[in-house]
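In this note's numbering, the protein residues as written are 6 to 81.
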């Protein structure tokens, strides 16, 4: 019984680490998306990217005003 105890603890610990890593990654993903949108808006306002590229990456309709959308994104 005692010969299998340590390998079982290691296996349980490794499984817990893998589950914890995926849980952290899933929580970070939405935060990263928000910061990517903010960075795109900052680049647009600094004239580093053009209007069409911003519309394509943010997946917004062409009739919308990108400046007002960027203002709302940056305020949140």
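Beta carbons: idealized from backbone N, C-alpha and C, even for Gly.
Treat the numbers as computed from the prediction; the structure is a model and nothing was measured.
- Note on residue 40: under 16 other CB atoms within 10 angstroms of its CB, so exposed under the neighbour-count rule.
- Here the C-alpha atom of residue 80 lies approximately 17 Å from the C-alpha atom of residue 51.
- Using a C-beta cut-off of 8 Å, the segment 30–47 makes contact with the segment 67–78, since at least three inter-stretch Cβ pairs fall below that distance.
- Taking the CA atoms as reference points, residue 11 sits about 26 Å from residue 28.
- Within the same chain, and ignoring the five residues on either side of residue 59 in sequence, the residues whose Cβ sits closer than 7 Å to its Cβ are 45, 49 and 71.
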